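Enquirer: This structure is in structure tokens; I'll ask about it shortly.
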Amino acid sequence: MVTMLGVGIMSPLFNIPFNAHLQATVDDQMMGRVYAYFNVVSHSLTPAALMVSGLLSEWNLLGLCMLLTILVLIGLVMNRKA
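Written as structure tokens, this is what we have:
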């Protein structure tokens, strides 16, 4: 539960600057295509992510991977340039 709270808090810290950067750099006429591309990529990776998380949960490594993911996200947020 604590891990999911951490992931829920870290998600906007990545998504908001990422979307703002896309909106600032991508031409208005290409915006829909760029967002569609990211949607296709993220949705197509979902089955692979579910398979990996299933294997990790079988091996009792899911908590460790979530902790490492949160630590990496914290490091990325703390070291980003303004």
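With the working numbering applied, the sequence shown covers 3 to 84.
A virtual CB, placed ideally from N, CA and C, is assigned to each residue, including glycine.
Predicted model, so just to flag it, every value in this text is computed and none were measured.
1) So MET80 is in the alpha helix (DSSP H); what residue range does that whole segment cover?
2) What three-state label does DSSP hand VAL28 in the structure shown?
3) CB VAL79 to CB LEU7, shorter than 8 Å?
4) What do you reckon, are the CB atoms on LEU75 and MET33 nearer than 8 Å?
Expert: Here's the rundown:
1) Note, MET80: alpha helix (DSSP H), 64–81.
2) coil
3) no
4) no
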